[in-house]
Amino acid sequence: MHSTISFWNKTASKAHYPPLEKSIEVDTLIIGGGITGVTAAYCLALKGKKPLLIEAGGLCDGTTGNTTGKVTIQHDIIYRRLKDKYGLDFAKGYADSQTRALEFIRKVVEKENIHCQLATCTSYIYATNEEDRESIQQEYEVAKELGIDAEWIDHFHFPNVNRGMVGFKNQHAFHAVRYVEGLAKAAAEKGATLCCGTKAIRVESGESIQVYCERDLVIKAKHLVMATQHPIFDGPNLYFTRLYANREYGIAVEAKRDWPDGNFINPGNPARSIRTHLENGKKILIAVGDGHFTARSEGGMEKHFENLMNFAGSIAGVENLLAKWSAQDYKTPDQVPYIGRNSDHSNIYVGTGYNKWGLTSGTLAGMMIADLILKGGTEYEAIYSRDRGDLFSSLGTVLSEVFGSVAELIKSKFETTESIKNLKQGEGRVIEYKGQKTGIFRDYDDSVTILDISCTHMTTELNFNDAEKTWDCPAHGGRFATDGTLLEGPPKNCLKVLYRGKFEDLQVK
Ligand SMILES: Cc1cc2nc3c(=O)[nH]c(=O)nc-3n(C[C@H](O)[C@H](O)[C@H](O)COP(=O)(O)OP(=O)(O)OC[C@H]3O[C@@H](n4cnc5c(N)ncnc54)[C@H](O)[C@@H]3O)c2cc1C
Numbered sequence: 000m001h002s003t004i005s006f007w008n009k010t011a012s013k014a015h016y017p018p019l020e021k022s023i024e025v026d027t028l029i030i031g032g033g034i035t036g037v038t039a040a041y042c043l044a045l046k047g048k049k050p051l052l053i054e055a056g057g058l059c060d061g062t063t064g065n066t067t068g069k070v071t072i073q074h075d076i077i078y079r080r081l082k083d084k085y086g087l088d089f090a091k092g093y094a095d096s097q098t099r100a101l102e103f104i105r106k107v108v109e110k111e112n113i114h115c116q117l118a119t120c121t122s123y124i125y126a127t128n129e130e131d132r133e134s135i136q137q138e139y140e141v142a143k144e145l146g147i148d149a150e151w152i153d154h155f156h157f158p159n160v161n162r163g164m165v166g167f168k169n170q171h172a173f174h175a176v177r178y179v180e181g182l183a184k185a186a187a188e189k190g191a192t193l194c195c196g197t198k199a200i201r202v203e204s205g206e207s208i209q210v211y212c213e214r215d216l217v218i219k220a221k222h223l224v225m226a227t228q229h230p231i232f233d234g235p236n237l238y239f240t241r242l243y244a245n246r247e248y249g250i251a252v253e254a255k256r257d258w259p260d261g262n263f264i265n266p267g268n269p270a271r272s273i274r275t276h277l278e279n280g281k282k283i284l285i286a287v288g289d290g291h292f293t294a295r296s297e298g299g300m301e302k303h304f305e306n307l308m309n310f311a312g313s314i315a316g317v318e319n320l321l322a323k324w325s326a327q328d329y330k331t332p333d334q335v336p337y338i339g340r341n342s343d344h345s346n347i348y349v350g351t352g353y354n355k356w357g358l359t360s361g362t363l364a365g366m367m368i369a370d371l372i373l374k375g376g377t378e379y380e381a382i383y384s385r386d387r388g389d390l391f392s393s394l395g396t397v398l399s400e401v402f403g404s405v406a407e408l409i410k411s412k413f414e415t416t417e418s419i420k421n422l423k424q425g426e427g428r429v430i431e432y433k434g435q436k437t438g439i440f441r442d443y444d445d446s447v448t449i450l451d452i453s454c455t456h457m458t459t460e461l462n463f464n465d466a467e468k469t470w471d472c473p474a475h476g477g478r479f480a481t482d483g484t485l486l487e488g489p490p491k492n493c494l495k496v497l498y499r500g501k502f503e504d505l506q507v508k
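In numbering that gives the first Met the number 0, the protein residues as written are 0 to 508.
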């Protein structure tokens with residue numbers, strides 16, 4: 000039987016926050032219990048506000064619980080690109096704001112005595128070929144121009160494919176779930192209310208903001224923070240055209256050989272992100288990578304875990320696999336998140352598009368949004384503004400990288416209708432059922448579910464993700480469980496169930 004759970008969710012103990020019981024009116028409602036939402040709750044509570052945070056599942060059930068745990072302003076190759084695109088001041092603003100978030104985490108861990116194994120280390124970006132070496136050297140030059148404490152290292156033995164790297168000093172890594180749990184506890188002690196198991200279904204924004212939740216609950220709020228990764232309310236923004244869901248895989252292993260400490264990543268494809276974590280004094284190797292646009296991976300998803308295991312084996316030898324997981328985050332056209340008001344003068348706020356660097360960007364979003372609510376304005380608003388013209392100026396990249404292959408993917412799927420006689424337990428396939436293209440999943444208890452696999456967002460046909468056992472949308476990253484329940488992304492509704500019953504009772508025409 001498959002089982003994916005991150006090392007962080009596996010090893011953290013989680014406090015119980017009961018669901019919301021009745022409809023309520025509040026000053027500030029935060030939707031989402033990841034690092035963005037919990038940071039906003041903490042910052043507001045610290046200043047005497049009493050925000051309500053609701054979370055569909057448990058805290059850190061989303062991407063925050065499935066991260067690598069690097070806390071760094073070294074975000075792949077970014078500073079050179081930002082300088083080229085928007086100028087040096089913009090790049091400097093990005094670096095300064097991310098440093099602010101890193102310092103916030105450092106200080107809050109100390110102040111609130113949070114036990115999250117915050118380690119100080121250097122964050123390296125290393126080249127595996129000549130082209131990347133040149134890009135990384137340019138990144139180093141721009142980093143120096145920006146005043147970042149960076150070093151160039153021409154030769155280093157780790158990882159074995161290293162052809163030169165730049166290191167940003169005084170960066171961090173931590174256990175993200177323990178950090179967010181600690182932050183949530185501190186927020187609650189200061190006056191925030193947290194309710195897990197409380198899912199928002201719909202947002203209405205007029206004279207006041209009304210959020211409709213499961214179990215017929217309604218929350219009225221003066222301010223609404225959408226900390227849900229993909230915003231659940233669009234306003235004028237059409238976020239699905241500018242947020243691209245990207246999945247990535249992670250493993251935690253005990254290794255046979257020792258390896259140097261630090262945060263390591265290489266640009267390009269396949270990217271590998273490595274770090275050390277200390278658990279009860281024991282060194283754990285974390286390796287993350289094999290990212291791809293959601294639902295757009297050739298062949299089975301399980302192969303991504305194999306690739307990571309082979310990589311970990313090649314750099315340190317694998318003694319024992321402790322955990323494997325996968326998760327998704329959203330990219331924007333220019334690698335810069337959207338943080339701020341959802342539209343001019345609106346009391347709805349958003350933090351999203353962290354490009355897999357949301358431990359600092361999500362922290363920054365929580366801090367900035369709290370400022371917007373408390374003071375009506377915040378530093379760095381222009382940098383993270385949804386109006387910065389990023390989509391237009393990056394349209395070429397978006398069309399070729401993001402939308403280019405969707406049509407091909409969908410087209411090829413229309414050609415494959417398969418028989419289900421040899422459908423194995425834990426397997427999902429696209430089949431014809433009652434003259435319609437559908438998705439079937441055979442569960443481990445031999446029950447089957449047949450779903451209408453037109454995504455409820457924009458009817459794109461879904462692909463089966465055999466690593467996570469989910470139906471994923473290649474267009475905008477919506478994801479559904481095998482019983483049709485909506486898991487994440489821009490769709491609002493679950494999938495239609497066409498058949499549920501025993502495998503042996505099923506007759507497919
Ligand atoms: C494999 C991987 C590795 C990464 N590694 C790093 C790293 O090393 N460093 C780094 O800085 N970043 C990293 N990132 C990115 C980072 O983890 C994320 O950007 C960040 O955790 C996002 O936080 P969040 O709070 O915005 O979203 P989430 O953590 O996803 O939280 C959103 C929450 O909202 C809830 N929610 C959604 N809809 C509703 C609703 N309708 N009602 C109620 N609740 C709802 C969800 O259940 C979820 O818990 C990584 C990402 C991936 C995929």
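Using N, Cα and C, we set each Cβ at its ideal position, and we do this for glycine too.
DSSP, reduced to helix, strand and coil, places Tyr125 within a strand of the structure shown.
When Val317, His291, Asn346, Lys91 are compared, the shortest CA-CA separation from Gln327 is found for His291.
Non-local C-beta neighbours of Tyr78 in its own chain, meaning closer than 8 Å and more than five positions away in sequence, comprise Ala90, Tyr93, Ala94, Glu138, Val141, Ala142, Leu145, Ile147, ordered along the chain. Within the same chain, and ignoring the five residues on either side of Leu497 in sequence, the residues whose Cβ sits closer than 7 Å to its Cβ are Tyr432, Thr437, Ile449, Leu450, Asp451.
For Asp60, the distance from the CB to the nearest heavy atom of ligand 1 is below 6 Å.
For the pair of segments examined, the region 47-64 was found to touch the region 185-201: the number of CB pairs separated by less than 8 Å reaches three. The shortest C-alpha to C-alpha distance from Thr362 to any of Tyr123, Pro259, Gly261, Gln97 is the one to Gln97. Taking C-beta separations shorter than 7 Å and ignoring five residues to either side along the sequence, the partners of Asp260 in its chain run Cys120, Thr275, following chain order. In this structure, DSSP gives Thr35 a helical state, which the three-state scheme calls helix.
Listed in chain order, the beta strand (DSSP E) runs fully inside the region 439-479 are 446-450, 462-464, 469-471, counting runs of at least 3 residues. Nearest C-alpha to Thr351 among Glu253, Ala226, Trp258, Glu247: Ala226. Residue environment for Gly375: exposed (fewer than 16 other C-beta atoms within 10 angstroms of its C-beta). Look at Ala315 here: in three-state DSSP terms it is helix. Excluding residues up to 5 positions away in sequence, Gln424, Gly425, Thr448, Thr481 lie with their Cβ nearer than 8 Å to the Cβ of Asp442 in the same chain. Nearest Cα to Leu28 within the set Ser12, Val202, Asn169: Val202. When DSSP states are grouped into helix, strand and coil, Lys198 belongs to the coil group. For Lys184, there is no enclosing beta strand (DSSP E); the enclosing alpha helix (DSSP H) has its first and last residue at 175-188. Residue range 87-110 is occupied by the alpha helix (DSSP H) that includes Leu87. As the crow flies, the alpha-carbon of Thr331 is around 25 Å from that of Thr127.
Beyond the five residues adjoining it in sequence on each side, Ile200 comes within less than 7 Å, by CB distance, of Tyr211, Cys212, Glu213 in the same chain, given in chain order. Within the same chain, Tyr41, Ile113, Leu182, Ala185 come within 8 Å of Val107 by CB-CB distance, once the 5 residues on both sides are set aside. Per DSSP, reduced to three states, the secondary structure at Ile430 is strand. Note: Ala381 is not bridge-paired with any residue in the DSSP secondary-structure output. DSSP, read as helix, strand or coil, puts Ser360 in helix.
Under DSSP, the beta-bridge partners assigned to Asn262 are Ser122. A residue is called buried when at least 16 other Cβ atoms come within 10 angstroms of its Cβ; Ser2 does not meet this threshold and is exposed.
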